[in-house]
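S.K.: Quick one: the structure is below, and I'll ask about it shortly.
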Amino acid sequence: MAKPNFKFKSTSITLLLSSILIVFASCKNDDEDTREAEDIKVSQTMNAELTAPPQVPKPTGRRKAKKLVVDMEVIEEESEMTDGVKYVYWTFDGTVPGSFIRTKVGDEVEFHLKNHPDNKLPHNIDLHAVNGPGGGAESSFVAPGHEVVFSFKVLNPGLYVYHCATAPVGMHIANGMYGLILVEPEEGLPEVDREYYIMQGDFYTKDEFGEPGLQPFDMKKAIDEDADYVVFNGKVGAMTGDNSLTAEVGETVRLYVGNGGPNLVSSFHVIGEIFDKVYVEGGDLVNENVQTTLIPAGGAAIVEFKIEAPGEYILVDHSIFRAFNKGALAQIKAEGEGNKKVFSGKIEEGIYLPEGGGIQEMPVDEEELAASRPSEKPDLQEKMELGKNVYGRTCVACHQASGQGIPSVFPPLAESDYLNEDVKRAIDIVLHGKSGEITVNGEKYNSVMTAQNISDQEAANVLTYIYNNWGNNGTEVTEEMVKAQRRN
Amino acid sequence: MYRFILSGMCLLMISAGFSQESEMAAIEGGAYIPLYGNDSLPVSVENFKIDKYPVTNRDYQKFLLENPKWKKSEVRALFADGRYLAHWQDDSHLKPDELEDAPVTNVSWFAARAYCKWRGKRLPSLDEWEYVAMADKVSADARKKDGYNEFILSWYERPKSFHQKVGSTYKNYWGVYDMHGMVWEWTSDFNSVIISGETRRDENQDNNLFCGSAAIGSSDLMNYAAFMRYAFRSSVKGNYSIRNLGFRCAQDSNEKENSANEAL
Amino acid sequence: MKLYKLMLLSFLLLGVSCKNDKNKSEETEPVAQAETEALPEMSVFQLPSSWTTQEGEDIQLEELRGEVLVMVMIYTSCQAACPRLVADMRNIQKKVSEEANEKTKYVFVSIDPEVDTPKRLKTFAKENKMNNDQWLFLRGNKDATREFAAVLAVNYKRISPMDFSHSNIISVFDKDGVLVHQKEGLGTDDSKTIEAIEEHAID
Chain A
33 MAKPNFKFKS
43 TSITLLLSSI
53 LIVFASCKND
63 DEDTREAEDI
73 KVSQTMNAEL
83 TAPPQVPKPT
93 GRRKAKKLVV
103 DMEVIEEESE
113 MTDGVKYVYW
123 TFDGTVPGSF
133 IRTKVGDEVE
143 FHLKNHPDNK
153 LPHNIDLHAV
163 NGPGGGAESS
173 FVAPGHEVVF
183 SFKVLNPGLY
193 VYHCATAPVG
203 MHIANGMYGL
213 ILVEPEEGLP
223 EVDREYYIMQ
233 GDFYTKDEFG
243 EPGLQPFDMK
253 KAIDEDADYV
263 VFNGKVGAMT
273 GDNSLTAEVG
283 ETVRLYVGNG
293 GPNLVSSFHV
303 IGEIFDKVYV
313 EGGDLVNENV
323 QTTLIPAGGA
333 AIVEFKIEAP
343 GEYILVDHSI
353 FRAFNKGALA
363 QIKAEGEGNK
373 KVFSGKIEEG
383 IYLPEGGGIQ
393 EMPVDEEELA
403 ASRPSEKPDL
413 QEKMELGKNV
423 YGRTCVACHQ
433 ASGQGIPSVF
443 PPLAESDYLN
453 EDVKRAIDIV
463 LHGKSGEITV
473 NGEKYNSVMT
483 AQNISDQEAA
493 NVLTYIYNNW
503 GNNGTEVTEE
513 MVKAQRRN
Chain B
-19 MYRFILSGMC
-9 LLMISAGFSQ
1 ESEMAAIEGG
11 AYIPLYGNDS
21 LPVSVENFKI
31 DKYPVTNRDY
41 QKFLLENPKW
51 KKSEVRALFA
61 DGRYLAHWQD
71 DSHLKPDELE
81 DAPVTNVSWF
91 AARAYCKWRG
101 KRLPSLDEWE
111 YVAMADKVSA
121 DARKKDGYNE
131 FILSWYERPK
141 SFHQKVGSTY
151 KNYWGVYDMH
161 GMVWEWTSDF
171 NSVIISGETR
181 RDENQDNNLF
191 CGSAAIGSSD
201 LMNYAAFMRY
211 AFRSSVKGNY
221 SIRNLGFRCA
231 QDSNEKENSA
241 NEAL
Chain C
13 MKLYKLMLLS
23 FLLLGVSCKN
33 DKNKSEETEP
43 VAQAETEALP
53 EMSVFQLPSS
63 WTTQEGEDIQ
73 LEELRGEVLV
83 MVMIYTSCQA
93 ACPRLVADMR
103 NIQKKVSEEA
113 NEKTKYVFVS
123 IDPEVDTPKR
133 LKTFAKENKM
143 NNDQWLFLRG
153 NKDATREFAA
163 VLAVNYKRIS
173 PMDFSHSNII
183 SVFDKDGVLV
193 HQKEGLGTDD
203 SKTIEAIEEH
213 AID
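Chains as they are written, first to last, in the numbering used here: chain A, 33 to 520; chain B, -19 to 244; chain C, 13 to 215.
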């Protein structure tokens, strides 16, 4: 593991199709690296240090991979969006973004997710750092007043977003249910002087920006992507004034920047600084001397810069109206001696899928209907079509979509010697079932297939379909052939 | 003297009868398209009756008196988890800051079922409940109205709404209160919701986890309010006792209301 | 709490009976019975419902006490997942050791009691060569079925006159009816299921 390396998250391929999704893709030998990471042994158990933003836990340094216990609680609570404006946030650990999780490649994370008893809703968590279906979402689905435990091994170094993925996903994210999980490479990230945790999010309220009172979430605006608030760390002014981040002149600052979305992509920029280093999209690609870096919804980046001069540095989403009209501002106050040479004067995973597919209706067109009815003497092509339907209804569950069967349970129909050897036997099995040991393509099977309750024509069609597919011998089975095998 | 007693008894019966009469609302059956249904086909609901109010802490107290096996200290874990009646300080008393007339929550499905049985009733089916819950103040099916959905969505964001007396939200078209804006409610077949914890995946036709799931989808994408109700139902198990989850009872329309009260 | 009390009680009784050396057998018997009567808190045998088997016999779940139960909910007219659930059950039964199988019953509970009459269940059992003591097919009324599903965390819904949508879960109960393992999905790894059966069947 010389270099961190990011693997395509195969887990969510299907999810990605219709969503704005960011994929950490790199093409070199990632399988090898992942396999290596998989094999890393963990030595001890430790409780993960979790921090509220803008703080991050201490570096993993040279520690070995461990079993890391992460304890998180989902809390639905009212808090302040800006002066006089209240909002009911849904949070991981009571903050937006949720606690920062810091892990190291090879760590086995035992994740405890609790849903506070007073909460109204079930929640879950999808960690982009997880290799597994849904990123843990399904195994972490938890009702109010309950706790679930699931575990995963972190294999790919990088900075990842986690978020709630319970329906309606967009609403859970829009209410603040996101955070960052860092996976450090084995040797750890290089040491720096300061580290902070910042996450952008867009909020949608019934009234416009600044309108006082408890503001409910506005689904319509969220769908229209018409944000009232675009903020860092959950509220306006989370890191300005007295809450500003601090640094000393001469220090190198590293920011872990995420974007929870749900909708907007961030053009992250620090006014008065050039990023010496950007880990683009939180991955292993390092870019240097960057003014503004793009952080997709459901994505992250690590940026580093050295503070050269004292004063205030403003962090913004450089889609600039968001900064000055919707709240996307933060500050770093730098103290110390100025270097006159440098400066002489002042100074989305946001997977948002609308749940549910469209309503599909069957064609009612008379012509289409007529066409879909079987003709009296179907030709081979028609038989294949009809047979395919029968197959889909009756056979597919066990023999699978391309006839591959299920190893050691259901024999394959594809390139099957047993099938091609004897068509009468095949017909007989469809009509009357089969049990006991048989050998197909050298493998032994000993299971039971029940007699299929289908007509002679259907049997002929489905067998024809099977024989004319997947490398079989192309036999055309007729109704008469089927009839001949019927026992009385 | 005799007459006195008799008339007194009559009065008692009348008053008892009166309170029972007003306890349930008659619902005229019909067809509706549920959020998750038979390929989005209309589902028909028969005539039935449903409690106008959720069952309260006070009501539940009576039940416990007569059915001690449902007391907090007696109940079996199979039927109610550790949070059962967590807002009661002991077997028969609420904690001091709780309201007697607030809906009883922290009750499991098994307990809710037993309560309704005791009242000679049953839990409403999911379809019955949804059917009644479609109504706003003036119409039987208000699901397309913005105000209706906004009201429900705003409830999701209002903390501790279980802490209010029954009847504090609106009376709907059927004369039923508190279907929205107070607590979640159990239904007899809450476990007929076939969505997994991973709702995004439910949309692709993954037959592995749920047989036949391909046939099920959401009929109204905008109906987020209902969507969350279904997600909630799919997250619970029969012995879960949850702070925001109460219940009310229902009855077939040909059944006589109330048999248990006669025993009181 | 209650469980502790009962255990304490039975220990006390045992203690008493041990003092009287003679007549021990007579005295310990009722004690043993008292012990078996106390079902664990999470025992599924507490469900009061009664069921009909494929042989047409009426039984209470509690009558199955003393054997490990491997249970699955299906309906016989199902064409999609059920044949595979049946195959999964068959495979589990095959892989479990003979010794454990002697103390194990494989139980199919119908989610479609209207259609799945005992006769139909019997036919289904025969067709699938599950026609002996080890295989049990149960049918209850709708209410009992819904209740049983709630205990198993199996969700199901009728989606057309012929078909149900349902979760594919195989559950293992110990001899006292306490759920000890669940396997979700079709054709998924069954080694843990087999482990659970072996562990609880062989004392």
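Glycine included, each C-beta is placed from N, C-alpha and C at the ideal position. Source: prediction; values computed, not measured.
Which of the three DSSP states, helix, strand or coil, is assigned to Ser172/B?
M.R.: Locating residue 172/B in the second sequence gives position 192, counting from the first residue. Helix, per DSSP.
S.K.: Give the DSSP-derived three-state secondary structure of Ile303/A in the structure shown.
M.R.: Taking the first residue of the first sequence as position 1, residue 303/A is located at position 271. Three-state result, Ile303/A: strand.
S.K.: For Pro83/B, list the residues DSSP reports as bridge partners.
M.R.: Taking the second sequence and counting its residues from 1, one reaches residue 83/B at position 103. The partner list for Pro83/B (beta bridge, DSSP) reads Thr36/B.
S.K.: At what residues does the alpha helix (DSSP H) containing Leu164/C begin and finish?
M.R.: Along the third sequence, read from residue 1 onward, the residue named residue 164/C stands at position 152. It spans 154 to 164 - the alpha helix (DSSP H) in which Leu164/C sits, taken as one unbroken run.
S.K.: Which residue from Val472/A, Pro443/A, Ala329/A puts its Cα closest to that of His160/A?
M.R.: Here residue 160/A refers to the residue found at position 128 when the first sequence is read from its first residue. Among Val472/A, Pro443/A, Ala329/A, the Cα nearest to that of His160/A belongs to Ala329/A.
S.K.: Taking 9 Å as the CB-CB limit, is Gly199/C close to chain A?
M.R.: Taking the third sequence and counting its residues from 1, the one referred to as residue 199/C is at position 187. Closer than 9 Å to some Cβ of chain A, the Cβ of Gly199/C qualifies, so yes.
S.K.: Identify each residue in the segment 99 to 129 of chain C for which the Cβ-Cβ distance to at least one residue of chain A is less than 9 Å, and report them in chain order.
M.R.: Those residues of the segment 99 to 129 of chain C that come within reach of chain A (Cβ to Cβ, closer than 9 Å) are Ala99, Asp100, Arg102, Asn103, Lys106.
S.K.: In its own chain, which residues sit with a C-beta less than 6 Å from the C-beta of Ala492/A, not counting the 5 before and 5 after it?
M.R.: Position 460 of the first sequence, counted from the start, is the residue given in the question as residue 492/A. Val509, Thr510, Glu511, Val514.
S.K.: Which value, in whole angstroms, describes the spacing of the CA atoms of Leu100/A and Leu82/A?
M.R.: Walking along the first sequence from the start, residue 100/A turns up at place 68. Walking along the first sequence from the start, residue 82/A turns up at place 50. Cα to Cα, Leu100/A sits roughly 11 Å from Leu82/A.
S.K.: Just to confirm the assignment, what range does the alpha helix (DSSP H) spanning Ala5/B have?
M.R.: The count along the second sequence starts at 1 and reaches residue 5/B at position 25. From DSSP, Ala5/B is part of no alpha helix (DSSP H) but of the beta strand (DSSP E) over 4 to 7.
S.K.: Evaluate Gln247/A with the Cβ neighbour count: other Cβ atoms within 10 Å of its Cβ, from every protein chain shown; 16 or more gives buried, anything less gives exposed.
M.R.: On the first sequence, position 215 is the one that residue 247/A refers to. With 16 or more other Cβ atoms within 10 Å, it is buried.
S.K.: Count the other CB atoms within 10 Å of the CB of Arg151/C; is the residue buried (16 or more) or exposed (fewer)?
M.R.: Translated into positions along the third sequence, residue 151/C becomes position 139. Arg151/C comes out buried.
S.K.: Give me, in chain order, the residues of the same chain whose beta-carbon lies closer than 7 Å to that of Trp135/B; leave out the 5 immediate sequence neighbours on both sides.
M.R.: By one-based count along the second sequence, residue 135/B stands at place 155. Correct list, in chain order: Ser141, His160, Gly161.
S.K.: With H, G and I counted as helix, E and B as strand and the rest as coil, what does DSSP make of Gln235/C?
M.R.: In the structure as shown, chain C begins at 13 and stops at 215. Residue 235/C is therefore absent and cannot be evaluated.
S.K.: Is the CB of Val216/B under 9 Å away from at least one CB in chain A?
M.R.: Mapped onto the second sequence, residue 216/B falls at position 236. Answer yes: the Cβ-Cβ gap between Val216/B and chain A drops below 9 Å somewhere.
S.K.: Thinking C-alpha only, which one of Val472/A, Leu412/A, Arg457/A, Leu326/A is nearest His431/A?
M.R.: Against the first sequence, residue 431/A aligns to sequence position 399. The option with the nearest alpha carbon to His431/A is Val472/A.
S.K.: Decide yes or no for the touch test of the segment 248 to 266 of chain A against the segment 223 to 233 of chain A: beta carbon pairs closer than 8 Å, at least 3 of them.
M.R.: Touching, yes.
S.K.: Less than 9 Å between the C-beta atoms of His67/B and Glu54/B, yes or no?
M.R.: Taking the second sequence and counting its residues from 1, one reaches residue 67/B at position 87. Taking the second sequence and counting its residues from 1, one reaches residue 54/B at position 74. It is not a contact, given that the beta carbons lie outside the stated cut-off.
S.K.: Hey, quick one: how far does the beta strand (DSSP E) through Thr325/A stretch, first residue to last?
M.R.: For this step, residue 325/A is matched to residue 293 along the first sequence. Segment 324 to 327, the beta strand (DSSP E) holding Thr325/A.
S.K.: Please state whether DSSP places Met162/B in a helix, a strand or coil.
M.R.: What you label residue 162/B is simply residue 182 of the second sequence in a count that begins at 1. Coil.
S.K.: Mind listing the chain A neighbours of Lys141/C? Cutoff is C-beta to C-beta under 7 Å, in chain order.
M.R.: Translated into positions along the third sequence, residue 141/C becomes position 129. The contacting residues are Ser467, Val480.
S.K.: From the beta carbon of Ala50/C, is the nearest beta carbon of chain B less than 9 Å away?
M.R.: For the purposes of this step, residue 50/C is taken as residue 38 along the third sequence, with counting starting at 1. Judged by the 9 Å Cβ criterion, Ala50/C is not in contact with chain B.
S.K.: Using DSSP with H/G/I as helix, E/B as strand and the rest coil, what is Trp154/B?
M.R.: As a working note, residue 154/B is residue 174 in the second sequence. Trp154/B falls in the coil class under three-state DSSP.
S.K.: Considering only C-alpha positions, which residue in the set Thr36/B, Val156/B, His73/B is nearest to Asp116/B?
M.R.: As a first step, residue 116/B must be located in the second sequence, where it is residue number 136. That would be Val156/B, whose Cα lies nearest to the Cα of Asp116/B.
S.K.: Please determine, among Val25/B, Ala57/B, Trp164/B, the residue with the shortest C-alpha to C-alpha distance to Pro154/A.
M.R.: The residue given as residue 154/A occupies position 122 in the first sequence. Considering only alpha carbons, the answer is Trp164/B.
S.K.: Would you report the Cα separation of Ile327/A and Ala165/C, rounded to the nearest angstrom?
M.R.: Here residue 327/A is taken as the residue at index 295 of the first sequence, counted from 1. Here residue 165/C is taken as the residue at index 153 of the third sequence, counted from 1. Each residue's alpha carbon lies about 41 Å from the other.
S.K.: Name, in chain order, the residues that DSSP records as bridge partners for Glu227/A.
M.R.: Counting from 1 along the first sequence, the entry for residue 227/A is found at position 195. Per DSSP, Arg286/A.
S.K.: Say yes only if the C-beta of Lys456/A is nearer than 8 Å to one or more non-hydrogen atoms of the ligand PLP, and no if none qualify.
M.R.: Only the bare structure without any ligand can be found here, which leaves the ligand PLP out of the picture.
S.K.: Might you give, ordered along the chain, the residues of its own chain that have their beta carbon closer than 7 Å to the beta carbon of Lys420/A, omitting 5 neighbours on each side?
M.R.: Taking the first sequence and counting its residues from 1, the one referred to as residue 420/A is at position 388. If we look at Lys420/A and ignore the five residues flanking it on each side, its Cβ neighbours are Tyr497.
S.K.: Can the beta-carbon of Thr237/A be found closer than 9 Å to that of Asp256/A?
M.R.: Residue 237/A sits at position 205 when you count from the first residue of the first sequence. Residue 256/A sits at position 224 when you count from the first residue of the first sequence. No, the Cβ-Cβ distance between Thr237/A and Asp256/A is not below 9 Å.
S.K.: Would you mind reading off the limits of the beta strand (DSSP E) that contains Ile86/C?
M.R.: Position 74 of the third sequence, counted from the start, is the residue given in the question as residue 86/C. Element bounds for Ile86/C: 80 to 86.
S.K.: Flag Met4/B as yes if its beta-carbon sits less than 9 Å from any beta-carbon of chain A, otherwise no.
M.R.: One-based indexing of the second sequence puts residue 4/B at position 24. Not one chain A Cβ lies under 9 Å of Met4/B.
S.K.: DSSP three-state call for Asp202/C: helix, strand or coil?
M.R.: Residue numbering aside, residue 202/C sits at position 190 when the third sequence is read from its first letter. Coil, per DSSP.
S.K.: Are Gly116/A and Ala84/A close, meaning C-beta to C-beta below 9 Å?
M.R.: Taking the first sequence and counting its residues from 1, the one referred to as residue 116/A is at position 84. Taking the first sequence and counting its residues from 1, the one referred to as residue 84/A is at position 52. No, the pair does not count as a contact, with Cβ atoms beyond the cut-off.
S.K.: Looking at chain A, is there any beta carbon in it that lies within less than 9 Å of the beta carbon of Lys32/B?
M.R.: By one-based count along the second sequence, residue 32/B stands at place 52. Judged by the 9 Å Cβ criterion, Lys32/B is not in contact with chain A.
S.K.: Excluding the 5 residues preceding and the 5 following Asn103/C in the sequence, name in chain order all residues of the same chain whose CB lies nearer than 7 Å to its CB.
M.R.: Numbered from its first residue, the third sequence carries residue 103/C at position 91. Within the same chain, Asn103/C has close Cβ partners Asp202.
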